[in-house]
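Asker: Protein chains in written order, with the numbering used here: chain B, 197 to 262; chain F, 140 to 834. Even glycine gets a Cβ: it sits at the ideal position worked out from N, Cα and C. Below is a structure I'd like to ask you about.
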Amino acid sequence: MQRAARIAIRSVRRFWSGLREWCGDSAYERYLRASGRQVADGRKLSAKEFYLEQINRRYSRPNRCC
Amino acid sequence: MKRAAKFILWLAVAITGAGALGGIALHRGEPLNATWFVVAAVCCYLVAYRLYSSFIAARLLALDDKRATPAEIHDDGRDFVPTNKWVLFGHHFAAIAGPGPLVGPTLAAQFGYLPGTLWLIVGAAAGGCVQDFIILFCSIRRDGKTLGQMAREEVSSRGGLIAQLAVLAIMVILLAVVALVVVNALKSSPWATFTLAMTIPIALLLGVYLRFLRPGRVLEASLFGVALVLFAVVAGQWVAESPAWSRAFTFGGVSLALMIIAYGFAAAVLPVWLLLAPRDYLSAFIKTGAIFSLAAGILFVRPQVLMPPLTRFIDGTGPVFAGKIFPFCFITIACGAVSGFHSLISSGTTPKMILRETQARFIGYGAMLLESFVGVMAMVAACAMPPGVYFAINSPSSIVGGTADAAAATISSWGYQLDGQTMTRLAQSVGEQTLLNRAGGAPSLAVGMAQIFSSTIGGERLLSIWYHFAIMFEALFILTVLDAGTRVGRFMVQELGGRVWKPFGRMGWMPAILLSSAIIVGAWGYFLYQGVVDPLGGINSLWPLFGISNQLLATVALVVATTILLKMKRLRWIWVTLAPTVWLVAVTMTASYQKIFDPSPALGFLSNANALAARIAAGQIPPAKIAEMQRLIFNQRLDAVVTGVLALMILILIAEALVQWYAILSGRREAVLHEAPYVETRWAADFTGVADGDD
């Protein structure tokens with residue numbers, strides 16, 4: 197019974213974290229963890245800057261289909 | 140023992156699928172239950188995925204999980220983001236799933252349920268999924284390069300330019316035709332117009348919230364927005380019932396077209412955070428929810444399919460669109476089976492986020508199977524209504540007559556019984572003034588969906604709410620395609636224009652932004668206007684034009700894929716991409732030829748123009764209408780030129796590729812692949828990405 201509850205809780209947590217990632221909710225957290233490029237002055241972007249930069253980039257190439 | 144059990148299980152799936160497919164194909168007489176369609180489709184998809192996609196992954200592409208993907212090599216949390224495969228599947232599916240697989244099968248139902256359903260299943264498994272999967276693989280191996288870049292590097296520089304122009308052309312025609320679908324769904328419908336209009340202030344509200352109050356908190360904002368949109372659907376009924384408000388939101392086709400053109404321009408010019416992005420969030424949630432609800436509704440209600448397997452219109456005389464089953468069934472279904480547009484997504488965001496090469500099979504091949512399933516559901520929804528009702532909704536008044544009684548008499552004379560009262564009652568029960576002459580697929584799909592949903596929840600009482608929910612769902616994500624497409628089109632125009640005059644290519648320069656937006660909106664707006672005033676309903680001309688351009692883009696993608704496979708020395712398995720390429724060339728070239736030169740005015744653009752010109756010459760047109768008629772003649776000739784230019788571009792690309800293939804096969808040219816250098820992965824074999832990993 198306890199095992200089933202653990203599995204259920206883990207599944208819900210996975211679903212929730214997947215949903216946040218799918219819709220872009222956790223994109224900024226993911227960016228802060230990423231080891232790659234930062235902005236030119238060597239700092240990480242703020243949440244506002246990141247959001248704007250991300251959507252500007254996303255909607256400048258085909259991202260919705262027929 | 141375990142192996143034997145697996146073998147028996149897969150054999151059972153294959154036999155069940157073959158049985159269900161055979162049942163659908165050979166069934167005659169009594170109406171068929173929709174469960175057969177679901178079983179046939181799902182079993183065929185499972186077998187295709189298990190056998191064909193694993194063959195492509197292992198033998199043809201030799202996917203290598205030890206090779207690091209672009210997401211690992213360039214991980215920057217912005218463009219290159221290692222993403223869990225289930226999340227990426229959701230991203231990829233949300234990107235590829237548009238109005239095409241809903242509208243195309245609905246229109247193709249005029250041939251009966253059988254040809255469309257078979258092509259949706261077979262075409263996806265052998266064509267569309269293969270294209271999406273292999274282009275995704277090619278892009279992963281090239282650091283996420285686009286289709287145009289790959290065409291330039293692997294085929295020729297001219298091939299790259301052709302691919303870029305083909306993308307722009309398909310974009311213009313796509314935007315025009317989807318806008319026409321929205322116009323036909325909204326005209327004379329204050330309820331639907333109000334609901335859709337309300338999505339604009341709701342999106343603006345969300346945009347401000349996400350920009351200033353809680354940056355990037357998409358989930359909470361979207362859920363709030365979805366609740367407001369659902370409220371707008373209900374409030375639409377109050378608008379429709381109030382004489383003053385109802386008048387304020389009742390528009391004809393031309394007015395709606397002008398409003399949509401103005402909206403498209405605004406969406407392309409305004410900051411993306413204000414309107415475009417929040418609308419897209421709303422649309423993604425509602426689209427996903429509605430598609431899963433439709434699947435659940437079909438399984439719960441198990442409706443009877445009332446449309447016959449084949450109708451009399453396989454001979455090419457159909458009222459919805461003209462043309463015989465070959466090639467127009469395949470051209471009309473388009474995205475539900477093979478979509479060239481998907482190759483832009485497969486060589487866009489997805490290759491930059493994938494964790495492992497082997498996941499390209501699940502994401503590329505698997506997501507397209509799901510898209511095909513959406514097409515099968517749309518076919519079921521369209522075929523679950525009486526055929527007479529289907530033809531009354533989708534036929535233009537110039538063919539069936541403008542009143543319910545006239546339409547019923549014409550359609551009954553075709554052998555599909557209908558009385559005028561049925562259409563009047565149906566329109567009243569879904570809260571509309573009329574459902575006649577609504578070519579475009581959206582209203583008939585909405586009627587089908589509403590009947591399925593209301594049989595699950597609410598019964599007759601909620602039929603009108605469900606109908607307008609379905610219309611809102613279709614129109615909302617069509618407008619999202621419209622504004623996102625217009626913006627991307629603007630960038631393409633600026634990029635191409637920048638080659639001629641440099642300042643035009645500067646993305647932040649306002650005059651260039653305004654001019655390029657006006658060019659792209661003017662281009663699709665012209666085709667939209669032409670469709671709205673077309674006496675044959677517009678869909679008859681524009682949807683085949685869209686299908687042809689989409690399938691031509693798929694040909695470009697498959698030619699690029701074939702060239703790459705040839706360079707990889709996979710000659711033995713080259714038929715995997717070559718066979719669908721040959722098929723698509725045959726379909727698109729036949730369709731292009733017939734649309735331009737067919738002697739029947741209903742089908743051929745030139746013969747239609749000549750027939751109209753002959754009527755003017757014979758004095759059959761009143762002087763007041765001559766200018767309008769001359770515009771129609773010009774439009775028909777323009778459509779012929781556009782079709783011819785598209786076909787010619789693809790023939791040039793094929794000739795370029797054939798020269799390249801011959802040079803490689805004869806040893807005159809060395810096969811040089813432009814893959815990124817091999818880098819071994821540093822990730823553990825069980826690394827599954829962020830979603831269920833380190834969170």
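Can you find the residues in the same chain that come closer than 8 Å, C-beta to C-beta, to F:ASP833, ignoring five residues on each side of it along the sequence?
Answerer: Residue placement at F:ASP833 is flagged as unreliable, the pLDDT there being 41, under the threshold of 50; the coordinate-derived value follows with that caveat. Nothing meets the Cβ criterion.
Asker: Can you find a C-beta in chain F that's less than 8 Å from the C-beta of B:ILE251?
Answerer: Yes, B:ILE251 counts as interfacial toward chain F.
Asker: For F:ALA207, which option in F:VAL186, F:GLY364, F:PHE826, F:ARG821 has the closest C-alpha, if you only look at C-alpha atoms?
Answerer: Minimum Cα distance to F:ALA207 is reached at F:ARG821.
Asker: Taking Cβ-Cβ distances below 8 Å as the criterion, which residues of the segment 210-231 of chain B are in contact with chain F?
Answerer: Those would be ARG210, SER213, GLY214, LEU215, ARG216, GLU217, TRP218, CYS219, GLY220, ASP221, SER222, ALA223, TYR224, ARG226, TYR227, LEU228, ARG229, ALA230, SER231, in chain order.
Asker: Alpha carbon to alpha carbon, what distance is there between F:ILE591 and F:SER361?
Answerer: Answer to the nearest angstrom: the Cα atoms are 26 Å apart.
Asker: Note down the Cα distance separating F:THR835 from F:PHE643, rounded to an integer number of angstroms.
Answerer: The first residue shown for chain F is 140 and the last is 834, placing residue 835 of chain F beyond what the model contains.
Asker: Determine the burial state of F:LYS205: buried for a count of at least 16 other Cβ atoms within 10 Å of its Cβ, exposed for fewer.
Answerer: Result: exposed.
Asker: Would you please verify whether the beta carbon of F:VAL321 is less than 8 Å from any beta carbon of chain B?
Answerer: With 8 Å as the cut-off, F:VAL321 does not count as an interface residue toward chain B.
Asker: Once you ignore the five residues that flank F:ARG645 on each side, which residues in its own chain have a CB closer than 7 Å to its CB?
Answerer: Cβ within range, chain order: ALA651.
Asker: Please state the DSSP three-state secondary structure of F:ASN172.
Answerer: If DSSP states are grouped into helix, strand and coil, F:ASN172 belongs with the strands.
Asker: Who does F:ARG206 pair with in a DSSP beta bridge?
Answerer: Paired residues: F:GLU819.
Asker: In three-state DSSP terms, what is B:GLN198?
Answerer: Helix at B:GLN198.
Asker: Can you give me the Cβ contacts of B:SER222 inside the same chain, cut-off strictly under 8 Å, excluding the 5 residues immediately before and after it?
Answerer: Closer than 8 Å at the Cβ level, and outside the excluded window around B:SER222, lie SER213, ARG216.
Asker: Between F:PHE176 and B:GLY238, what straight-line distance do the alpha-carbon atoms span, to the nearest angstrom?
Answerer: The alpha-carbon atoms of F:PHE176 and B:GLY238 are separated by roughly 57 Å.
Asker: Look up F:GLN759 in the DSSP assignment and say whether it is helix, strand or coil.
Answerer: Note: F:GLN759 maps to coil in three-state DSSP.
Asker: Which class does F:GLN443 belong to by DSSP, given the choice of helix, strand or coil?
Answerer: Residue state, collapsed to three classes: strand.
Asker: If I measure Cβ to Cβ from F:THR625 and keep anything under 8 Å in the same chain, skipping five residues before and after, which residues do I get?
Answerer: Closer than 8 Å at the Cβ level, and outside the excluded window around F:THR625, lie LEU314, GLY403, PHE404, ALA406, ALA407, SER656, ILE659, VAL660, TRP663.
Asker: Taking a Cβ distance cut-off of 8 Å, strictly less, list which residues of the segment 236-249 of chain F are near chain B, in chain order.
Answerer: Those would be ALA236, GLY237, PRO238, GLY239, in chain order.
Asker: Is the beta carbon of F:LEU615 sitting closer than 8 Å to the one on F:ILE484?
Answerer: No, these two residues do not count as a Cβ contact at 8 Å.
Asker: Beta-carbon of F:GLY664 versus every beta-carbon of chain B: anything under 8 Å?
Answerer: Not closer than 8 Å to any Cβ of chain B, the Cβ of F:GLY664 fails to qualify, so no.
Asker: How many angstroms separate the CA atom of F:SER327 from the CA atom of F:VAL269?
Answerer: When rounded, the distance between both Cα atoms is 42 Å.
Asker: I'd like to confirm something about F:LEU705: is its beta-carbon nearer than 7 Å to some heavy atom of the ligand MG, or not?
Answerer: In the structure on display, the ligand MG does not appear, and there are no ligands present to speak of.
Asker: Can you give me the Cβ contacts of F:LEU93 inside the same chain, cut-off strictly under 8 Å, excluding the 5 residues immediately before and after it?
Answerer: Missing from the structure shown is residue 93 of chain F; chain F here goes from 140 to 834 and no further.
Asker: Note down the Cα distance separating F:VAL784 from F:LYS734, rounded to an integer number of angstroms.
Answerer: Taking the straight line from one Cα to the other gives about 13 Å.
Asker: Mind listing which residues of the segment 209-225 of chain F have their C-beta closer than 8 Å to chain B's C-betas, in chain order?
Answerer: Hits within the stretch, in order: HIS213, ASP214, ASP215, GLY216, ARG217, ASP218, PHE219, VAL220, THR222, ASN223, TRP225.
Asker: Rounded to the nearest angstrom, what separates B:ILE205 and B:MET197 at their Cα positions?
Answerer: Roughly 12 Å separates the two Cα atoms.
Asker: Taking C-beta pairs closer than 7 Å, name the residues in chain F that B:ALA243 reaches, listed in chain order.
Answerer: Those within 7 Å of B:ALA243 in chain F are PRO354, GLY355.
Asker: Is it true that the segment 515-527 of chain F meets the segment 551-563 of chain F, where meeting means three or more beta-carbon pairs spaced less than 8 Å apart?
Answerer: Yes, the segment 515-527 of chain F touches the segment 551-563 of chain F.
Asker: Which residues in the same chain have their Cβ closer than 6 Å to the Cβ of F:VAL178, if we skip the five residues on either side of it in sequence?
Answerer: Result list for F:VAL178: ALA159, in chain order.
Asker: Rounded to the nearest angstrom, how far is the Cβ of F:VAL368 from that of F:LEU421, given a contact under 8 Å?
Answerer: Going by Cβ atoms, the distance from F:VAL368 to F:LEU421 rounds to 6 Å, so yes, they are a contact pair.
Asker: Can a CB atom of chain B be found closer than 8 Å to the CB of F:LEU836?
Answerer: For chain F, the structure presents residues 140 to 834; residue 836 of chain F sits outside this window and is missing.
Asker: Output the residue ranges of the alpha helix (DSSP H) runs that lie fully inside the segment 577-608 of chain F and measure 4 residues or longer, sorted by chain position.
Answerer: Those alpha helix (DSSP H) runs which fall completely within the segment 577-608 of chain F and span 4+ residues are 581-595.
Asker: Of all the CB atoms in chain F, is at least one closer than 8 Å to the CB of B:ARG239?
Answerer: It does not: the Cβ of B:ARG239 has no partner Cβ on chain F nearer than 8 Å.
Asker: Would you mind stating whether F:ALA548 and F:LEU575 have Cβ atoms separated by less than 8 Å?
Answerer: Cβ distance not < 8 Å, so F:ALA548 and F:LEU575 don't count as in contact.
Asker: Quick check on DSSP: helix, strand or coil for F:ARG297?
Answerer: Looking at F:ARG297 - three-state DSSP - the assignment turns out to be helix.
Asker: Give me the subset of the segment 334-349 of chain F whose CB atoms are less than 9 Å from a CB atom of chain B, sorted by chain position.
Answerer: So the close ones are LEU349.
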